[in-house]
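Peer 1: Would you mind keeping the following structure in view while I ask a few things?
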Amino acid sequence: MKFNLLLRDGGFDPAQVSVILHTTNLHPFRALLPVVVADHPDLFDAYQSVHSRSATAILLARPFAASFVPLTGRRMVFAGLFAVRPEGEFPVEDIYADPRFARLEKEFGATDTGPAANLARGGRQVRFAMSRLEALSDLVGRLTIAAPGGRTYVRIAANLGADIAAISEESLLRRHPPEWREMILSAIELRALPRDWAARLAEWRGVYLIVDQTDGARYVGSAYGAENLLGRWRAHVAGDRGVTVELARRDPAAFRFSILQRLDPDLAPDQVIGVEQNWKRRLDTVSHGLNRA
């Protein structure tokens with residue numbers, strides 16, 4: 443079945459619909475785009491508001507756009523149908539002063555719309571307002587297509603003629619949280635956690651491992667206070683430096699987090715610390731790691 447058939451059934455002429463294929467190769471932003479769509483629609487609106495010159499020309503000529511974001515492999519999932527309204531051409535200094543672009547870069551790794559890179563090139567750029575439509579909204583996160591070949595990321599629906607690969611029962615924009623042994627996160631993934639993942643980490647207390655991926659240095663810590671592992675891990679990546687004596691010398695952007703042992707939520711703090719000390723001895727992170735004691 444063709445995606446264009448759904449457009450026609452909804453009253454949209456495929457010749458008047460642009461297709462935005464967010465086929466970014468930026469990592470980890472590519473993997474985090476579904477999270478942006480599902481949990482941060484305001485940031486997705488900002489990301490879709492600016493485009494390359496060739497993409498801008500296609501969008502200016504059509505009143506509607508269908509957006510797709512990447513999944514694993516060559517699959518792309520439907521992110522919504524939008525009314526396209528060009529707001530005008532503005533100096534890049536004005537466009538990228540919007541704090542949402544700084545958040546997209548810092549929290550999700552979207553360097554292509556990062557303020558510094560775009561301010562450096564200067565000039566002017568068209569900014570679009572994309573308003574989500576109710577049409578086809580029941581298929582957002584469920585309808586997938588195969589990523590088409592070529593480097594052009596904005597196409598005309600009538601010319602693309604995309605085949606629908608599948609329509610799933612549940613939204614593919616939200617991945618289920620893994621069990622605790624498989625919860626392994628980079629700093630940028632931690633800053634951009636899906637809401638249900640964050641809720642799960644906030645329930646768990648335990649002993650965790652941080653590995654600095656620049657040199658493999660290891661740090662063992664424990665979490666048992668407010669928001670448990672979520673609160674402690676987020677504290678580690680909140681600034682530009684780590685939060686302990688040894689970690690303060692390091693950039694948390696290179697930290698990788700995992701759980702060594704999940705503990706009973708009613709375990710007393712001194713018992714949690716006892717388990718933490720045991721892991722420090724087992725991994726020898728005081729003599730050969732980033733723990734002081």
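With the working numbering, the residue at position 177 of the sequence shown is 619, and numbering never jumps.
All C-beta atoms, glycine included, are put in the ideal place defined by N, C-alpha and C.
Counting pairs of beta carbons, one from the segment 526-541 and one from the segment 466-484, are three or more of them closer than 8 Å?
Peer 2: These segments do not touch.
Peer 1: Under a three-way DSSP split, which group does residue 685 fall into?
Peer 2: The answer is coil: DSSP assigns residue 685 none of H, G, I, E or B.
Peer 1: Taking residue 471 as part of the beta strand (DSSP E), name the residues at either end of that continuous run.
Peer 2: Run containing residue 471: none in the beta strand (DSSP E); it sits in the alpha helix (DSSP H), 471-481.
Peer 1: Expressed to the nearest angstrom, what Euclidean distance is found between the alpha-carbon atoms of residue 682 and residue 650?
Peer 2: Distance between the alpha carbons of residue 682 and residue 650 is about 21 Å.
Peer 1: Here's the rule: buried if 16 or more other CB atoms are within 10 angstroms of the residue's CB, otherwise exposed. What is residue 512?
Peer 2: Residue 512 is buried by the Cβ-count criterion.
Peer 1: Which of the three DSSP states, helix, strand or coil, is assigned to residue 553?
Peer 2: Helix, per DSSP.
Peer 1: By how many angstroms is the C-alpha of residue 624 removed from the C-alpha of residue 700?
Peer 2: Cα to Cα, residue 700 sits roughly 8 Å from residue 624.
Peer 1: Output yes or no for whether 8 Å exceeds the beta carbon distance between residue 505 and residue 599.
Peer 2: No, they are not a contact pair.
Peer 1: Which residues in the same chain as residue 581 place their Cβ atom closer than 7 Å to its Cβ, once the five residues preceding and following it in sequence are excluded?
Peer 2: Excluding residues within five positions, the ones whose Cβ falls inside 7 Å are 520, 609.
Peer 1: What does the Cβ neighbour count give for residue 567, buried or exposed, with the cut at 16 atoms within 10 Å?
Peer 2: Burial call: buried.
Peer 1: On the three-state DSSP scale, how would you describe residue 531?
Peer 2: Correct three-state label for residue 531: strand.
Peer 1: Sorted by chain position, which residues of the same chain lie with C-beta nearer than 6 Å to residue 711's C-beta, five sequence neighbours on each side aside?
Peer 2: Closer than 6 Å at the Cβ level, and outside the excluded window around residue 711, lie 666.
Peer 1: Contact between the segment 491-506 and the segment 650-660: three or more CB pairs below 8 Å?
Peer 2: They do not touch, by the three-pair rule.
Peer 1: Roughly how many angstroms separate the alpha carbons of residue 453 and residue 633, rounded to a whole number?
Peer 2: Going from the Cα of residue 453 to the Cα of residue 633 covers about 40 Å.
Peer 1: Would you kindly report the start and end of the unbroken alpha helix (DSSP H) that includes residue 500?
Peer 2: Looking at the DSSP string, the run of the alpha helix (DSSP H) that includes residue 500 is 495-502.
Peer 1: Candidates 729, 479, 735: which alpha carbon is nearest residue 616's?
Peer 2: Of the candidates 729, 479, 735, the one whose C-alpha sits nearest the C-alpha of residue 616 is 479.
Peer 1: Hey, is residue 443's beta-carbon within less than 8 Å of any beta-carbon in chain C?
Peer 2: In summary, chain C is missing from the structure at hand, where a single protein chain is found.
Peer 1: Assuming residue 589 contacts residue 517 under a Cβ cut-off of 8 Å, what Cβ separation, rounded to an integer in Å, is found between them?
Peer 2: With 8 Å as the limit, residue 589 and residue 517 qualify as a contact, their Cβ atoms being about 7 Å apart.
Peer 1: Could you compute how far the alpha carbon of residue 547 sits from the alpha carbon of residue 510?
Peer 2: Their Cα atoms are separated by approximately 20 Å.
Peer 1: My output table needs one value for residue 715: the three-state DSSP class, helix, strand or coil.
Peer 2: In the structure shown, residue 715 sits in a helix (DSSP, three-state: H, G or I).
Peer 1: Kindly indicate the opening and closing residues of the beta strand (DSSP E) around residue 455.
Peer 2: First-last for residue 455: undefined, no H or E at that position.
Peer 1: Does DSSP classify residue 626 as helix, strand or coil?
Peer 2: Three-state result, residue 626: coil.
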